[in-house]
Amino acid sequence: MKMTNKKLSMENQAINEMLCRAEDINAEPYQSPTDPEVTIHRTVCTISHCACGILAHMKDGRLIKVEGDPDFPQNEGAMCPKGLSMVPATYHPDRIIYPMKQMGERGSDNWQRISWDEALDTICGKIQEALDKDGPLSIAYSFCDGFRGNELAGFGIMKAIGSPNVCGTDAHYCFRPQANADMTTFGDGNFITSEKCQGGPEFENSKVIMTWGANPFECHMTRGKELIKSLKEGGKLIVVDPRFTNLAAKADIWLQPRPSTDGALAMGMVNYAIENNLYDREFVEKYCSGFNELKERAREYPLKKVSEITWVPEELIKQATIMWMTTKPGSMTTRMGMNMHTNAMQSLRATNCLLALSGNIDIRGGNVLAIPIDDRPYVPFFKMEAQSRLDTETMAKAPGVKERPMYYGKNAQIYARSHPPAYHDMLLTGKPHKIRVYICVNDPVGAMQDTKKIRNAIKNVPFVVKSDLWMSPTSRYADIVLPAANQFERDEVHTEFYTGYIRAVAKVKEPEGECKDEKWIFLNIAKRLGLDMPYPMDSVREFHNHILEDTGLDFEKAKKKLLIPVPYRYKKYEQPGYKFPTKSGKIELYSNRFEEFGYDPLPFYEEIKPEASEKKLANYPLVLISGARTGLFYHSYGRQLEWLRELFPWPTIEIHPETAKKYGIAAGDWVYVETPQRSGRVKLKADVTYGIDPRVVHCRAHWWYPERKNDPERGLTDSNINAVLSHNPPYDPISGSTIVRGGKCKITRVPDEEVGEEFKKWR
Amino acid sequence: MTQITLLVDTEYCTGCHSCEVACKAENNLPGGYNWINVLQVGPRKIGGKLKTDYIPVRCRHCAQPPCLDSCPVKAISKESDGRVVINQDICIGCMNCVEACPFGAVAFDPGTGLASICDLGKEGPVAAGQEPACVRACPSKCIYFGEINEIAGIIREKAARRIAGY
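Each protein sequence line maps, in turn, to chains Y and S. Residues in the first sequence are numbered consecutively from 1, following the numbering used here. Residues in the second sequence are numbered consecutively from 1001, following the numbering used here.
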């Protein structure tokens, strides 16, 4: 450990110094300076990826307050509304605090409390029975995030069972397309436009920031905070977004493309930059391969044509390209706005090229590359993820791997193990594998498209076990729901994956009721079944010590540190012998990896693939985008928390005033939305705004109504736009992304008599 | 006269609502009202371009507080540090002050039936040498707390840099 410290300080970078400073802070609990009866614990928020440092105030065994930890480098005392609502969330009457068994039909909301012994006996009995009858392929497991001990424990149990049916149910969009495109262009490990992991966009030191389909203010508070620092220092901001977001409101240039045409826009900018010699010629000559091929391809995207495709005025494209290419340093981020349609991967490759041409790679205030894994002192996530992999042949049996062999399975550069639409098909149809037991720790029913289909798929699996904080939409269809300990109620080790540092935190309070750490649940299942886990897991403590092993610290020592840093440095490519971790050893504007798998090695744009016949689509005149986040909720999380809900009480549909007028819709009216993807309709409240194009509407997603205690489904399909979006083809050919943004819809005003009392009052 | 207060550099407010919920958590306020409310104005068209502002509306601790004059039972006072304070023991919940405040910043608590306003963290964090909860939680660090002429210096500095073409 000492050696590592020395290594870091010798590199003498501001960020390393900051991390080392933070590392030296004693993270043990301390007495409140104002109230001797209050103990303050330094811990971490697990609601989102930000993993902010928080101070948890404890009095008489009770959590009384949470606030941001001013000493924690990521958030510096700042906190988002979700994190600030953790006291009411911890003690909320809707929390599940005992193991529950569903009596009668699943979904009937008829629950009975059972003991842990009964729960574990039943679960293990069902798993054993499935293994005996149909073997390991009859067990399935899904999760969402993947960077904490909890998820690694889940990977471990599936390895021990021998089943490849593991699915991050957001793997076909979320950040994995970015990560895959980035790593294709910049090399393995360098997912540098998506997350700030062991590198990434370094906003705070940028003079120009360009965002594509991204809004860190709502989705990634710590990144938003860094972005504001740049603006305060006079940094420029270019926002590419079909919506006039709060981020766009701060922009110097806002480009409002037609949804799903980002690829054309980026190629237009690439072409303009090359034709006008705006790009960083020296950087490109030294470190990029395939420039001439890209130049040739980009010629197909003259401004006039691009403007027609994207609806963005030529002049604005010019201005944005000049600003991006001539201001240094600059950083770029691309997010889910670019991923959720059939053009995901090639559009992202186009923005990758735009970034590479700017030369803003691995410099202070640019997009920083990851330290090569071999040069890092410890890589617990990558190490354990590798330990939890099955042999290649078995991994290839996971749903959707054969169809998309570059993106999923053994070639996946980022733990994408199954194609989610194929995975949910498997639960429903039994193909390719008949699933007998489904273990779920996320909320696919509440958070994914094709709500009804996924609900039916889960109901179709003979035995479903779910761990949860709340009776979430998915939990409602489980046989057994296990009460999960929340972030204050369990020891946890956060790996380096999303944050670039490792952090061990001890539990702050005893769990409510009989809540248990999910790792405890997994290891007890493993013990009862006599499974041979891929990592030491006799106890949670032993497991944590294993995660921390290479840092030279055990959990007891590690928890006293605010964080354990991973080194960070710039311009790695200037070191002798450095090769970008790609086939050519350079940044690949022309992708050898894509070529190898039979995909176009150069980025291109094509019109979004239609989700229905031309005749059918004619009845759906508006372009639909959906699911822009608000910082108040995390996917399906938070609708039951009054402090949050009162700030955003109803799901909204954003409609331009001209369009609203045309349909006779006034602000605040309820609106039916229908799509060609699925039958049925959902009801959202009109937000009439100039912030959207008249030809486009935007619907908020993941809505359900936890307050409707008399409805067993809690309004699951009433207002959630995902209930009328499908997991059906067309897909992005590489990632299998579905059409969530850029498809078609129609809207009608809900007649007053059809609104319903439950849509008038939530409190 | 000293005047402590909050000053918001609205140029950097993103409407994230952190200050509102931080205030709620610090002061344990019930649902239904906030002491600081971030309102979105826009998007509206100005000179062919769209503009949206986010305005945190809260008690300004006015030098000449209309609420104070409106209170029939003299429950509202102006303290020596400039704070406007509603004495909950005297307040009769008549809501005159709610009506009188030009910012709509006086909250009425339906539970207690009394009026309340931002206390600038006086009892809690400020007494402990910290800044108010809203200031600490703000991701943009655009809320400032202190003596008005001192914190206005932050805005002056920004203006100077802008004039100098920084």
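We put the beta carbon where it would ideally sit given N, CA and C, even for glycine.
Boundaries (first-last residue) of the alpha helix (DSSP H) holding residue i
i	result
Ile420(Y)	Correcting the residue identity first, residue 420(Y) is Pro in this sequence and not Ile. Where Pro420(Y) is concerned, the enclosing alpha helix (DSSP H) stretches over 420-429.
Ser142(Y)	Element bounds for Ser142(Y): not the alpha helix (DSSP H) but the beta strand (DSSP E), 139-143.
Pro483(Y)	Not the alpha helix (DSSP H): Pro483(Y) falls in the beta strand (DSSP E), residues 480-483.
Ile1178(S)	Since the first residue shown for chain S is 1001 and the last is 1166, residue 1178(S) is missing from the structure and cannot be characterised.
Tyr501(Y)	Run containing Tyr501(Y): none in the alpha helix (DSSP H); it sits in the beta strand (DSSP E), 501-505.
His546(Y)	540-548
Gly83(Y)	81-84
Ile665(Y)	First-last for Ile665(Y): undefined, no H or E at that position.
Val445(Y)	444-447
Lys453(Y)	451-460
Val1135(S)	1133-1137
Residue closest to residue i, alpha-carbon to alpha-carbon, out of the options
i	options	result
Pro432(Y)	Glu195(Y), Ala398(Y), Ile564(Y), Thr659(Y)	Ala398(Y)
Cys353(Y)	Ser85(Y), Leu632(Y), Ser539(Y), Pro603(Y)	Pro603(Y)
Lys519(Y)	Ala266(Y), Gln31(Y), Leu482(Y)	Leu482(Y)
Gln413(Y)	Thr333(Y), Ala78(Y), Pro581(Y)	Pro581(Y)
Asn1027(S)	Glu1079(S), Gly1082(S), Glu1011(S), Cys1118(S)	Cys1118(S)
Glu492(Y)	Tyr498(Y), Gly500(Y), Val508(Y)	Val508(Y)
Ser679(Y)	Thr321(Y), Lys746(Y), Glu314(Y), Pro733(Y)	Lys746(Y)
Asn456(Y)	Gly500(Y), Asp479(Y), His424(Y), Ala447(Y)	His424(Y)
Cys219(Y)	Val166(Y), Ile238(Y), Cys80(Y)	Cys80(Y)
Asp1089(S)	Gln1003(S), Tyr1033(S), Val1098(S), Ser1077(S)	Ser1077(S)
Tyr573(Y)	Pro372(Y), Ala504(Y), Ile161(Y), Ser307(Y)	Pro372(Y)
Cys20(Y)	Lys59(Y), Leu63(Y), Asp71(Y), Ile47(Y)	Asp71(Y)
Glu67(Y)	Pro93(Y), Glu758(Y), Phe382(Y), Ile40(Y)	Ile40(Y)
Gly430(Y)	Asn165(Y), Glu275(Y), Ala485(Y)	Asn165(Y)
Arg1044(S)	Val688(Y), Ile734(Y), Leu725(Y), Thr717(Y)	Val688(Y)
First and last residue of the uninterrupted beta strand (DSSP E) at residue i
i	result
His57(Y)	53-59
Cys699(Y)	696-699
Lys101(Y)	100-102
Lys572(Y)	First-last for Lys572(Y): undefined, no H or E at that position.
Phe155(Y)	It is not in any beta strand (DSSP E) - Phe155(Y) instead sits in the alpha helix (DSSP H) that spans 149-161.
Cys745(Y)	743-749
Gly68(Y)	62-68
Arg1058(S)	1049-1058
Glu1147(S)	1143-1147
Phe1108(S)	1107-1109
Beta-bridge pairing of residue i - partner residues as DSSP gives them
i	result
Asn26(Y)	Lys561(Y)
Tyr415(Y)	Tyr415(Y) pairs with nothing; no bridge assigned.
Val1126(S)	None, per the DSSP bridge assignment.
His41(Y)	Ala56(Y)
Tyr769(Y)	This structure cannot settle anything about residue 769(Y), because the visible part of chain Y is limited to 1 through 763.
Val494(Y)	For the sequence presented, residue 494(Y) should be read as His rather than Val. Answer by DSSP bridge pairing, in chain order: Arg148(Y), Arg503(Y).
Thr333(Y)	Thr211(Y)
Asn1087(S)	The partner list for Asn1087(S) (beta bridge, DSSP) is empty, contrary to what the question assumes.
Thr1005(S)	Gly1146(S)
Ile439(Y)	Tyr141(Y), Val465(Y)
Heavy atom of the ligand SAM within 8 Å of residue i beta-carbon
i	result
Lys1024(S)	This structure lacks the ligand SAM, and indeed carries no ligand of any kind.
Query raised in the report: Along the segment 1053-1069 of chain S, what residues have a CB closer than 9 Å to any CB found in chain Y?
Result: Answer set for the segment 1053-1069 of chain S: Asp1053, Tyr1054.
Requested in this report: Please determine if the segment 748-759 of chain Y and the segment 47-62 of chain Y are in contact, where contact requires at least 3 C-beta pairs separated by less than 8 Å.
Outcome: no
Report task. Give a yes or no on contact between the segment 244-254 of chain Y and the segment 297-309 of chain Y, applying the rule of three or more CB pairs nearer than 8 Å. Result -> Segment contact: the segment 244-254 of chain Y against the segment 297-309 of chain Y, fewer than three CB-CB distances shorter than 8 Å; contact not assigned.
Report task. Count the C-beta pairs between the segment 1002-1012 of chain S and the segment 439-458 of chain Y that are closer than 8 Å, then say yes if the count reaches three, no if not. Result -> no
Query raised in the report: Would you call the segment 553-568 of chain Y and the segment 338-357 of chain Y touching, i.e. three or more CB-CB distances under 8 Å?
Result: no
Requested in this report: Determine which residues of the segment 634-663 of chain Y have a Cβ less than 9 Å from any Cβ of chain S, and write them out in chain order.
Outcome: Listed in sequence order: Glu642, Trp643, Leu644, Arg645, Glu646, Leu647, Phe648.
Query raised in the report: For the segment 83-100 of chain Y, which residues have a beta carbon sitting closer than 8 Å to at least one beta carbon of chain B?
Result: The structure shown has no chain B; the protein chains it does contain are Y and S.
Query raised in the report: Using a beta-carbon distance cut-off of less than 8 Å, what residues from the segment 42-72 of chain Y approach chain S?
Result: Lys65, Val66, Glu67, Gly68, Pro70
Report task. Answer yes if the segment 704-719 of chain Y comes into contact with the segment 218-226 of chain Y, meaning at least three C-beta pairs across the two stretches below 8 Å, and no otherwise. Result -> In short, these stretches do not touch, since the Cβ pair count stays below three.
Report task. Please confirm if the segment 324-338 of chain Y is in contact with the segment 389-403 of chain Y, defined as three or more CB-CB distances below 8 Å between the two stretches. Result -> no
Query raised in the report: Taking any Cβ of chain S, which residues in the segment 100-127 of chain Y have a Cβ under 9 Å from it, in chain order?
Result: none
Query - Members of the segment 1132-1143 of chain S that neighbour chain Y once the beta carbon cut-off is set at 8 Å - result: Here the close residues are Ala1133, Arg1136, Ala1137, Cys1138, Pro1139, Ser1140, Lys1141, Cys1142.
**Report entry** Residues within the segment 258-286 of chain Y neighbouring chain S, beta-carbon criterion of under 8 Å
**Finding:** none
Report task. Report yes or no: do three or more beta-carbon pairs, one from the segment 227-244 of chain Y and one from the segment 718-726 of chain Y, lie closer than 8 Å? Result -> no
Requested in this report: Determine, using beta-carbon pairs with one atom in the segment 621-633 of chain Y and one in the segment 270-287 of chain Y, whether at least three such pairs fall under 8 Å.
Outcome: In the pairwise beta carbon analysis, the segment 621-633 of chain Y is classified as not touching the segment 270-287 of chain Y: fewer than three pairs are separated by under 8 Å.
Requested in this report: Count the C-beta pairs between the segment 1051-1066 of chain S and the segment 1155-1166 of chain S that are closer than 8 Å, then say yes if the count reaches three, no if not.
Outcome: no
Query raised in the report: Would the segment 186-206 of chain Y and the segment 499-507 of chain Y be scored as touching if the rule is three or more Cβ pairs under 8 Å?
Result: yes
Query - Given 8 Å, three or more beta-carbon pairs between the segment 1124-1140 of chain S and the segment 1097-1114 of chain S - result: Output reads no: the segment 1097-1114 of chain S does not touch the segment 1124-1140 of chain S.
Query raised in the report: Should the segment 628-641 of chain Y be called in touch with the segment 667-687 of chain Y, which here means at least 3 C-beta pairs below 8 Å?
Result: no
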